[in-house]
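Letter by letter, the sequence shown follows residues -2 to 383 in my numbering. For each residue, glycine too, the CB sits at the ideal point set by N, CA and C. Scroll down for the structure; my scribbles are underneath it.
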Amino acid sequence: MKTQLRTDITIADICKGFVYNEIEGKGLYGWNGKLIIQPEYQRNYIYNDGKKDVAVAQSVLRGFPLGLIYFTQRDDGMYEVLDGQQRITSLGRFRTNKLPIMFDGREQNYNSLNDELKAMFDNTPLTIYICQGTEKEIKEWFQIINIGGVRLNDQEMRNAIYSGPFVTKMKAQYSNSQNPMQMKWGAYVKGDPKRQEVMQTVIDWVSHGNIDGYMAGHRRDNDINEAAGYFESVIDWVSGVFKTLHKEQCGLPWGELYEKYHTQPYNPDEVDDKVNELMTDEYVTNKRGIFEYVLGGCSNAAVLHVRLFDQHTIKTVYERQTQKARSEHISNCPLCAMGSGANKTKIYKLSEMDADHVTAWSKGGSTTIDNCQLLCKTHNRSKGNA
Ligand SMILES: [Zn+2]
């Protein structure tokens, strides 16, 4: 990666051609149109709280350094702000009289400063690293400077690496918290749209987990039809199969479940009854597993983490079973005792056995001492689910 340290670019240079989007609250362009201040991957301008933004302008007028700023240079010669977007936006707003600050005991904007202060503000040089490199290099480097305070999450980082028309369109659709669809999506998709977490899920689903590969392959796409269409199919499917909204549905791997089950027919009324029944079943400790369990035809109870027998019950049953087995000269594993193998009379230690539901939980058996038996580990495993 090529890097270049520039200390000759002043605030006045950067503020030439400054464009600020009032509605979205973000700086768009500067440096005579050569600089993209808010690339797709940058978070919204969060300095406009009347404190941090004001503090940036005040610092300059008091001669405080602004710290390092990073730009990347693109192949087309444009520059993007990688780190420093918030500071540059604050400077631009002040320079264009859109950010009043308290200075010298009164409210001022750029125009009301005396000439000396105006010159000082304009001529303050910025300390800018300009970087040019491959996607891989920028990614590696991002991960390093991310530690230094930018703190981008995974998807924000990917949006930086694969920035282009695809990311722009995806952001417009999925990263806008004002999009009325966010309410519906939020029932199934976890995360903050502004932190790109909804977009991340959309790409995760359509790519079957290969987010980086998908973004690299679609980087130059001018539409998002495939990803949007797939996402819509998944959401339509899940909201059609499960009538009642449960908070446990949020954040489940619906893309995977869709792939696995969407070709199967379901009766939404029956599904709804079953889900509601399991939601109130005290033995089901993993309520989030209910949806997969029902989709799979109620056969894989392992996903429900059905409550296990407690230690006291297990010990009591072990002693009862072992005493009886000793007096009858048979194995204390009832299944071994019924067989004809070498273990027919074997007395297992407690540590060699597992507790089992006599009547399976899925067939209505309860997790109580009357429904508990101990089996040797081999037989318990071969018996399958609880
Ligand atoms: Zn056995």
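Count the other CB atoms, across all protein chains shown, that sit within 10 Å of the CB of residue i; report buried if there are 16 or more and exposed otherwise.
{"i": "residue 386", "result": "Since the displayed the chain opens at -2 and closes at 383, residue 386 lies outside it and no answer follows."}
{"i": "residue 61", "result": "exposed"}
{"i": "residue 282", "result": "exposed"}
{"i": "residue 174", "result": "exposed"}
{"i": "residue 50", "result": "buried"}
{"i": "residue 8", "result": "buried"}
{"i": "residue 77", "result": "buried"}
{"i": "residue 146", "result": "Low confidence applies to residue 146: its pLDDT is 49, below 50, so where it sits in the model is not reliable, and the reading given next is rough at best. So residue 146 counts as exposed."}
{"i": "residue 397", "result": "Because the chain in this structure spans residues -2 to 383, residue 397 falls outside the shown range and cannot be described."}
{"i": "residue 242", "result": "exposed"}
{"i": "residue 212", "result": "buried"}
{"i": "residue 156", "result": "buried"}
{"i": "residue 385", "result": "With the chain covering -2 to 383 only, the question about residue 385 has no answer from this structure."}
{"i": "residue 319", "result": "buried"}
{"i": "residue 79", "result": "buried"}
{"i": "residue 326", "result": "exposed"}
{"i": "residue 144", "result": "Note on residue 144: pLDDT 48, under 50, position unreliable in the model; the coordinate value appears next. Its Cβ having fewer than 16 others within 10 Å, residue 144 is exposed."}
{"i": "residue 298", "result": "buried"}
{"i": "residue 286", "result": "buried"}
Can you tell me the Cβ-Cβ gap for residue i and residue j, rounded? I've got them flagged as a contact below 8 Å.
{"i": "residue 227", "j": "residue 202", "result": "6 Å"}
{"i": "residue 350", "j": "residue 332", "result": "About 11 Å; that fails the 8 Å criterion."}
{"i": "residue 123", "j": "residue 6", "result": "5 Å"}
{"i": "residue 15", "j": "residue 89", "result": "4 Å"}
{"i": "residue 163", "j": "residue 221", "result": "6 Å"}
{"i": "residue 75", "j": "residue 33", "result": "6 Å"}
{"i": "residue 224", "j": "residue 167", "result": "7 Å"}
Can you tell me whether residue i sits near ligand 1, meaning its C-beta is under 6 Å from at least one heavy atom of the ligand?
{"i": "residue 369", "result": "no"}
{"i": "residue 376", "result": "yes"}
{"i": "residue 347", "result": "no"}
{"i": "residue 332", "result": "yes"}
{"i": "residue 247", "result": "no"}
{"i": "residue 295", "result": "no"}
Can the beta-carbon of residue i be found less than 7 Å from the beta-carbon of residue j?
{"i": "residue 197", "j": "residue 152", "result": "yes"}
{"i": "residue 340", "j": "residue 359", "result": "no"}
{"i": "residue 353", "j": "residue 368", "result": "no"}
{"i": "residue 303", "j": "residue 280", "result": "yes"}
{"i": "residue 132", "j": "residue 158", "result": "yes"}
{"i": "residue 235", "j": "residue 268", "result": "no"}
{"i": "residue 231", "j": "residue 252", "result": "yes"}
{"i": "residue 345", "j": "residue 246", "result": "no"}
{"i": "residue 84", "j": "residue 12", "result": "no"}
{"i": "residue 121", "j": "residue 24", "result": "no"}
{"i": "residue 57", "j": "residue 100", "result": "no"}
{"i": "residue 386", "j": "residue 312", "result": "Outside the shown range of the chain, which is -2 to 383, sits residue 386, and nothing can be said about it."}
{"i": "residue 127", "j": "residue 35", "result": "no"}
{"i": "residue 106", "j": "residue 94", "result": "yes"}
{"i": "residue 276", "j": "residue 134", "result": "no"}
{"i": "residue 330", "j": "residue 295", "result": "no"}
Taking only runs of the alpha helix (DSSP H) that begin and end inside the region 105 to 144, which ones reach a length of at least 4 residues, in chain order? 112 to 120 and 132 to 142
Which ranges does the beta strand (DSSP E) cover as unbroken runs of at least 3 residues, wholly within the region 50 to 79, from first to last along the chain? 65 to 70
Which runs of the alpha helix (DSSP H), 4 residues or longer, sit entirely within the region 277 to 308? 287 to 292
Enumerate, from N- to C-terminal direction, the unbroken beta strand (DSSP E) stretches of 3 or more residues contained entirely within the region 225 to 287. none
In chain order, which continuous runs of the beta strand (DSSP E) of length 3 or greater are located wholly inside the region 324 to 377? 350 to 354 and 369 to 373
At which residue ranges does the region 143 to 219 contain complete alpha helix (DSSP H) runs of 4 or more residues, listed in the order of the chain? 151 to 158, 162 to 171, 178 to 182, 194 to 203 and 208 to 215
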